[in-house]
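Residue numbers (the numbering used here): 18 to 244.
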(Lines of atoms letter the chains of each structure in order from A and count residues from 1; the text may use other names and numbers.)
(Lines give C-alpha, C1' and ligand atoms only; values in the text may rest on other atoms or scores of the structure.)
Protein backbone atom coordinates (compact mmCIF):
# COMPACT_ATOMS: atom_id res chain seq x y z
CA UNK A 1 0.00 0.00 0.00
CA UNK A 2 1.50 3.37 -1.02
CA UNK A 3 1.30 6.48 1.15
CA UNK A 4 -1.70 7.92 -0.68
CA UNK A 5 -3.70 4.72 -0.32
CA UNK A 6 -2.76 4.45 3.33
CA UNK A 7 -4.07 7.96 3.98
CA UNK A 8 -7.32 7.06 2.23
CA UNK A 9 -7.52 3.90 4.34
CA UNK A 10 -7.21 5.94 7.53
CA UNK A 11 -9.80 8.44 6.35
CA UNK A 12 -12.20 5.64 5.46
CA UNK A 13 -11.92 4.32 9.02
CA UNK A 14 -12.69 7.75 10.42
CA UNK A 15 -15.67 8.19 8.09
CA UNK A 16 -17.03 4.86 9.29
CA UNK A 17 -16.69 5.96 12.90
CA UNK A 18 -18.36 9.30 12.21
CA UNK A 19 -21.25 7.56 10.49
CA UNK A 20 -21.61 5.08 13.34
CA UNK A 21 -21.55 7.87 15.91
CA UNK A 22 -24.20 9.78 13.97
CA UNK A 23 -26.43 6.72 13.88
CA UNK A 24 -25.94 6.04 17.59
CA UNK A 25 -27.00 9.61 18.41
CA UNK A 26 -29.89 9.68 15.92
CA UNK A 27 -31.38 6.45 17.29
CA UNK A 28 -30.83 7.48 20.93
CA UNK A 29 -28.89 4.35 21.80
CA UNK A 30 -27.30 6.06 24.81
CA UNK A 31 -30.09 6.40 27.37
CA UNK A 32 -30.37 6.61 31.15
CA UNK A 33 -31.39 3.27 32.62
CA UNK A 34 -29.51 1.19 30.07
CA UNK A 35 -26.44 -0.70 31.17
CA UNK A 36 -23.13 -0.01 29.50
CA UNK A 37 -23.17 -3.59 28.24
CA UNK A 38 -26.55 -3.09 26.57
CA UNK A 39 -25.29 0.03 24.80
CA UNK A 40 -22.09 -1.83 23.81
CA UNK A 41 -24.19 -4.57 22.22
CA UNK A 42 -26.45 -2.11 20.41
CA UNK A 43 -23.42 -0.31 18.96
CA UNK A 44 -21.97 -3.62 17.79
CA UNK A 45 -25.29 -4.44 16.11
CA UNK A 46 -25.41 -1.07 14.32
CA UNK A 47 -21.81 -1.54 13.16
CA UNK A 48 -22.75 -4.91 11.73
CA UNK A 49 -25.81 -3.48 9.97
CA UNK A 50 -23.92 -0.49 8.52
CA UNK A 51 -20.61 -2.09 7.61
CA UNK A 52 -21.11 -5.85 7.70
CA UNK A 53 -18.72 -6.25 10.63
CA UNK A 54 -19.51 -9.46 12.47
CA UNK A 55 -16.31 -10.65 14.13
CA UNK A 56 -14.36 -9.07 16.94
CA UNK A 57 -17.03 -6.76 18.36
CA UNK A 58 -19.11 -9.04 20.57
CA UNK A 59 -18.05 -8.54 24.17
CA UNK A 60 -15.92 -5.48 23.40
CA UNK A 61 -16.32 -2.38 25.55
CA UNK A 62 -17.15 0.85 23.71
CA UNK A 63 -18.90 2.67 26.54
CA UNK A 64 -17.83 4.30 29.81
CA UNK A 65 -20.25 6.37 31.86
CA UNK A 66 -20.15 8.57 34.94
CA UNK A 67 -17.33 7.58 37.32
CA UNK A 68 -16.18 4.87 34.91
CA UNK A 69 -14.85 7.62 32.64
CA UNK A 70 -11.93 8.11 35.04
CA UNK A 71 -11.20 4.41 35.62
CA UNK A 72 -8.13 2.98 33.90
CA UNK A 73 -7.98 -0.50 32.35
CA UNK A 74 -11.04 -2.70 32.80
CA UNK A 75 -13.93 -0.91 34.46
CA UNK A 76 -16.94 -2.23 36.37
CA UNK A 77 -20.31 -2.63 34.71
CA UNK A 78 -22.84 0.07 35.61
CA UNK A 79 -26.21 1.45 34.59
CA UNK A 80 -26.09 4.84 32.84
CA UNK A 81 -27.49 7.68 34.93
CA UNK A 82 -29.75 10.56 33.93
CA UNK A 83 -27.01 13.22 34.24
CA UNK A 84 -24.02 11.15 33.12
CA UNK A 85 -21.26 11.93 30.73
CA UNK A 86 -20.82 8.92 28.46
CA UNK A 87 -17.63 8.25 26.51
CA UNK A 88 -18.00 6.29 23.27
CA UNK A 89 -14.65 4.90 22.12
CA UNK A 90 -14.76 3.10 18.77
CA UNK A 91 -11.16 1.85 18.91
CA UNK A 92 -12.19 -1.85 18.61
CA UNK A 93 -14.18 -1.10 15.44
CA UNK A 94 -11.29 0.79 13.86
CA UNK A 95 -8.49 -1.65 14.70
CA UNK A 96 -8.25 -2.89 11.07
CA UNK A 97 -7.94 0.75 9.97
CA UNK A 98 -5.13 1.51 12.46
CA UNK A 99 -6.84 4.63 13.77
CA UNK A 100 -9.09 5.76 16.62
CA UNK A 101 -12.22 7.80 17.26
CA UNK A 102 -13.95 8.80 20.50
CA UNK A 103 -16.68 11.22 21.50
CA UNK A 104 -18.42 12.15 24.75
CA UNK A 105 -22.19 12.49 25.15
CA UNK A 106 -23.77 14.61 27.90
CA UNK A 107 -27.12 13.35 29.19
CA UNK A 108 -29.65 15.48 31.01
CA UNK A 109 -29.28 19.19 31.67
CA UNK A 110 -26.33 19.30 34.06
CA UNK A 111 -24.59 22.63 33.29
CA UNK A 112 -21.26 21.43 34.68
CA UNK A 113 -21.24 18.46 32.33
CA UNK A 114 -22.13 20.67 29.39
CA UNK A 115 -19.36 23.06 30.33
CA UNK A 116 -16.83 20.22 30.40
CA UNK A 117 -17.82 19.29 26.84
CA UNK A 118 -17.51 22.92 25.77
CA UNK A 119 -14.03 23.05 27.30
CA UNK A 120 -13.13 19.80 25.54
CA UNK A 121 -14.12 21.34 22.20
CA UNK A 122 -11.97 24.40 22.90
CA UNK A 123 -8.90 22.34 23.79
CA UNK A 124 -9.25 19.98 20.81
CA UNK A 125 -9.70 22.89 18.39
CA UNK A 126 -6.72 24.68 19.92
CA UNK A 127 -4.55 21.59 19.52
CA UNK A 128 -5.47 21.28 15.85
CA UNK A 129 -4.77 24.99 15.30
CA UNK A 130 -1.35 24.66 16.94
CA UNK A 131 -0.52 21.71 14.70
CA UNK A 132 -1.58 23.55 11.54
CA UNK A 133 0.37 26.68 12.50
CA UNK A 134 3.81 25.08 12.92
CA UNK A 135 5.24 22.62 10.39
CA UNK A 136 8.12 21.74 12.74
CA UNK A 137 5.99 21.19 15.86
CA UNK A 138 7.29 18.35 18.04
CA UNK A 139 5.32 15.90 20.13
CA UNK A 140 6.63 17.53 23.30
CA UNK A 141 5.52 20.98 22.12
CA UNK A 142 2.00 19.92 21.18
CA UNK A 143 1.65 18.03 24.44
CA UNK A 144 2.66 21.15 26.36
CA UNK A 145 0.22 23.23 24.32
CA UNK A 146 -2.66 20.88 25.13
CA UNK A 147 -1.83 21.02 28.83
CA UNK A 148 -1.76 24.83 28.68
CA UNK A 149 -5.09 24.91 26.86
CA UNK A 150 -6.61 22.60 29.46
CA UNK A 151 -5.27 24.76 32.28
CA UNK A 152 -6.80 27.79 30.58
CA UNK A 153 -10.23 26.20 31.01
CA UNK A 154 -9.51 25.33 34.63
CA UNK A 155 -9.02 21.63 33.83
CA UNK A 156 -6.21 19.12 33.72
CA UNK A 157 -5.59 16.34 31.25
CA UNK A 158 -6.37 12.77 32.23
CA UNK A 159 -3.58 10.99 30.38
CA UNK A 160 0.21 11.22 30.17
CA UNK A 161 -0.09 11.78 26.39
CA UNK A 162 -2.52 13.49 24.02
CA UNK A 163 -2.21 11.31 20.95
CA UNK A 164 -0.32 8.58 19.15
CA UNK A 165 0.82 7.39 15.76
CA UNK A 166 -1.80 5.57 13.73
CA UNK A 167 -1.16 1.85 13.97
CA UNK A 168 0.12 2.19 17.55
CA UNK A 169 -1.85 0.38 20.23
CA UNK A 170 -3.26 2.49 23.08
CA UNK A 171 -1.41 2.01 26.36
CA UNK A 172 -1.89 3.24 29.88
CA UNK A 173 1.66 3.81 31.06
CA UNK A 174 4.50 5.85 29.58
CA UNK A 175 7.10 3.32 30.73
CA UNK A 176 5.80 0.72 28.28
CA UNK A 177 6.06 2.73 25.04
CA UNK A 178 8.37 4.22 22.47
CA UNK A 179 8.22 7.97 23.21
CA UNK A 180 8.48 8.89 19.53
CA UNK A 181 5.17 7.09 18.85
CA UNK A 182 3.18 9.36 21.18
CA UNK A 183 2.34 13.05 21.50
CA UNK A 184 3.93 13.23 24.90
CA UNK A 185 6.55 14.99 27.02
CA UNK A 186 9.45 12.79 25.85
CA UNK A 187 8.90 13.12 22.09
CA UNK A 188 11.29 15.75 20.73
CA UNK A 189 10.80 14.69 17.10
CA UNK A 190 8.73 16.71 14.62
CA UNK A 191 5.24 15.31 14.21
CA UNK A 192 5.48 15.86 10.46
CA UNK A 193 8.14 13.37 9.46
CA UNK A 194 8.79 10.18 7.52
CA UNK A 195 9.00 7.06 9.67
CA UNK A 196 11.72 4.42 9.46
CA UNK A 197 9.25 2.18 7.61
CA UNK A 198 9.03 4.79 4.84
CA UNK A 199 5.53 5.99 5.74
CA UNK A 200 4.56 9.57 6.39
CA UNK A 201 3.63 9.88 10.07
CA UNK A 202 -0.11 10.22 10.67
CA UNK A 203 -1.42 11.00 14.13
CA UNK A 204 -4.50 10.44 16.29
CA UNK A 205 -5.27 13.41 18.54
CA UNK A 206 -6.62 12.26 21.93
CA UNK A 207 -7.79 14.94 24.34
CA UNK A 208 -8.88 13.73 27.78
CA UNK A 209 -10.17 16.38 30.19
CA UNK A 210 -10.97 15.67 33.83
CA UNK A 211 -13.64 17.25 36.02
CA UNK A 212 -11.86 16.61 39.31
CA UNK A 213 -14.76 17.85 41.45
CA UNK A 214 -17.34 15.76 39.62
CA UNK A 215 -15.28 12.57 39.42
CA UNK A 216 -15.71 12.21 35.66
CA UNK A 217 -13.98 13.02 32.41
CA UNK A 218 -14.59 13.65 28.71
CA UNK A 219 -12.65 12.37 25.70
CA UNK A 220 -12.27 13.50 22.09
CA UNK A 221 -10.20 11.44 19.63
CA UNK A 222 -9.81 11.61 15.86
CA UNK A 223 -7.18 11.95 13.14
CA UNK A 224 -5.03 15.02 13.65
CA UNK A 225 -3.35 15.57 10.28
CA UNK A 226 -5.98 14.11 7.93
CA UNK A 227 -9.60 15.02 7.33
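For glycine and all other residues, C-beta sits at the position ideal for the given N, C-alpha and C. All figures in this text were calculated on a predicted structure; none of them were measured in a lab.
**Item:** Nonlocal neighbours in the same chain, by C-beta distance under 8 Å from residue 35, ignoring five residues either side
**Value:** So the list reads 118, once near-sequence residues are dropped.
**Message:** Suppose you measure from the CA of residue 203 to the CA of residue 169; what does that come to, to the nearest Å?
**Reply:** 23 Å
**Prompt:** Among residues of its own chain, excluding the 5 on either side of residue 123, which ones have a beta-carbon nearer than 6 Å to its beta-carbon?
**Reply:** Cβ neighbours of residue 123 beyond the five flanking positions: 102, 130, 131, 134.
**residue 44 burial status per 10 Å Cβ neighbour count (16 or more: buried)** = exposed
**Request:** Name, in chain order, the residues that DSSP records as bridge partners for residue 223.
**Result:** 238
**Prompt:** Taking contact to mean at least 3 C-beta pairs separated by less than 8 Å, is the segment 40-56 in contact with the segment 81-99?
**Reply:** yes
**Message:** Pull the bridge partners of residue 119 from the DSSP assignment, please.
**Reply:** According to the DSSP secondary-structure assignment, residue 119 is paired through a beta bridge with 106, 238.
**Asked** Where does the unbroken alpha helix (DSSP H) through residue 149 begin, and where does it stop?
**Response** For residue 149, the enclosing alpha helix (DSSP H) starts and ends at 128-150.
**Prompt:** Comparing alpha-carbon positions, which option in 86, 198, 150 lies nearest residue 120?
**Reply:** Nearest to residue 120 by alpha-carbon distance, out of 86, 198, 150, is 86.
**Asked** Roughly how many angstroms separate the alpha carbons of residue 8 and residue 239, rounded to a whole number?
**Response** Given a span of 18 to 244 for the chain in the structure shown, any question on residue 8 remains unanswerable.
**Message:** Given a cut-off of 8 Å on the beta-carbon distance, is the pair residue 243 and residue 137 in contact?
**Reply:** no
**Asked** So residue 175 and residue 199 are in contact, right, with Cβ under 8 Å, and what is the actual spacing, rounded?
**Response** Between residue 199 and residue 175 the Cβ distance is about 15 Å, and since that is not below 8 Å, they are no contact.
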